[in-house]
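Worksheet: the structure to be examined is printed underneath.
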Amino acid sequence: MRSGLNFSLVKQMSLAGLFLGICASLVPEAQAGTSGYRGLILGDSPVVYYEFEETSGTTAFNSANTGSRYDGSFNLSRGPIAVNRPSFAQGGASYDFGGGGDYGGVIVASPLANSLTEWTVSLWVSYDSSKTAGSNFLSNDQLGWNNDVLIGIGPEEGTEVGRGQVGVVQQGAPGAERDFAGAPLTAGKWHHIAVTGSTASGKLSLFIDGVLAASDENLVNGVTFNGADGLGTASLNIGASRTDGLRPYDGLLDELAIFDHVLPPERIAAHAAAVPEPATHALLALGALSIAGYALRRRTRK
907 MRSGLNFSLV KQMSLAGLFL GICASLVPEA QAGTSGYRGL ILGDSPVVYY
957 EFEETSGTTA FNSANTGSRY DGSFNLSRGP IAVNRPSFAQ GGASYDFGGG
1007 GDYGGVIVAS PLANSLTEWT VSLWVSYDSS KTAGSNFLSN DQLGWNNDVL
1057 IGIGPEEGTE VGRGQVGVVQ QGAPGAERDF AGAPLTAGKW HHIAVTGSTA
1107 SGKLSLFIDG VLAASDENLV NGVTFNGADG LGTASLNIGA SRTDGLRPYD
1157 GLLDELAIFD HVLPPERIAA HAAAVPEPAT HALLALGALS IAGYALRRRT
1207 RK
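Per this note's numbering: the sequence shown ends with 1208, consecutive numbering throughout.
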């Protein structure tokens, strides 16, 4: 009487593992990674989510369940935006914003339906070293002091978020002072950036690659992210601070999401860690190990 697994079952498992590994290897890595990261973000219930997976056209589609209200339209009158560019390991494709000057291309979407007093912005960036200030990923800036939030590389020159620093600036309602949080960021390399604003805790925080890098706990204006029910005429501007392309971003951008709540540090760390690599290699290894084990057992039986 033999103990252990039935040899026929071992052989079936071996072939199954090898087959799954081969099948996984036929799925483009970008596609597999994008699907996994999408699930990660949607699992945290974003209000707005731009995957930037478009390969053509002039619309950035919103993947959150809020639908087409927040689809973004390209304004290319001041500069280019290139789609279907390389991204980080699990990002699929990205957008390349060529805002090397004072003005550039911008994507404009409708303002959030409601102003947010608790919020998180999560995205991946790789900025061009030739522009280290006046470079915005996301903003709702407008004329006047209207609870506008600017997020980028030295997003607003003359503030404490300086050149070569990634950060957030909140403009009051009204007021001549700004609340801010910033820290140095290496150019030409993909980084995960998250910003949280919490009225309840009185804190504006910046995370780089899943780690808290800076915070402002002595707020002058607060942290409100202005929406359609707020002050002035708001809008969501991606790749510049305003709808006319002022203070444009120069570099790659991907997986931009806005949440109407503050994500806990462990969820931000999960976004920064992205998702495990596609299981191709693991499945192939499983098949190979199973076949090797089966062969060894065959030899020992002889």
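All C-beta atoms in this analysis are idealised placements derived from N, C-alpha and C, irrespective of residue type, glycine included.
Taking each of Ala1179, Ile1174, Ser1041 and Ser941 in turn and checking the Cα distance to Thr1026, the smallest one comes out for Ile1174. Contact annotation: the stretch 984 to 1003 does not touch the stretch 1116 to 1123, with fewer than three C-beta pairs closer than 8 Å. DSSP places Arg1173 in no beta strand (DSSP E) but in the uninterrupted alpha helix (DSSP H) bounded by Pro1171 to Ala1179. Boundaries of the beta strand (DSSP E) harbouring Ala1087: Arg1084 to Pro1090, taken from the DSSP string. Nearest Cα to Tyr1033 within the set Asn1052, Asn981 and Pro1061: Pro1061.
Between His1098 and Gly1116, the gap from beta carbon to beta carbon is short of 8 Å.
Counting along the chain, Asp1160 sits inside the beta strand (DSSP E) bounded by residues Asp1156 to Phe1165. In this chain, the beta strand (DSSP E) harbouring Asp1122 covers Val1117 to Asp1122. The DSSP-derived three-state label of Thr1026 is strand. With fewer than 16 other Cβ atoms inside 10 Å of its own Cβ, Glu1083 counts as exposed. A Cβ-Cβ separation of about 15 Å leaves Gly1094 out of contact with Phe1003 under the 8 Å criterion. Sorting Leu1091, Gly1040, Glu1172 and Gly1133 by C-alpha distance to the C-alpha of Glu1024 places Gly1133 at the top. Straight through space, the alpha carbons of Ala1140 and Asn971 are spaced by roughly 21 Å. Pairwise C-beta distances place the stretch 1098 to 1112 out of contact with the stretch 1149 to 1158, as fewer than three of them are shorter than 8 Å. Secondary structure remark: continuous beta strand (DSSP E) runs of at least 3 residues inside the stretch 994 to 1049, in chain order: 999 to 1004, 1012 to 1015, 1024 to 1033 and 1041 to 1045.
Here Leu1056 is buried: its Cβ has 16 or more other Cβ atoms, across all protein chains shown, within 10 Å. The C-beta distance from Ala1089 to Ile1114 rounds to 6 Å, short enough to meet the 8 Å contact threshold.
Apart from the 5 residues on each side of it in sequence, Asp950 sits with its Cβ closer than 7 Å to the Cβ of Phe1165, Leu1169 and Arg1173 in its chain, given in chain order.
As the crow flies, the alpha-carbon of His1177 is around 24 Å from that of Ser1021. The residues Trp1030 and Trp1096, in chain order, have a CB closer than 6 Å to that of Phe994 in the same chain once the five nearest residues on each side in sequence are set aside.
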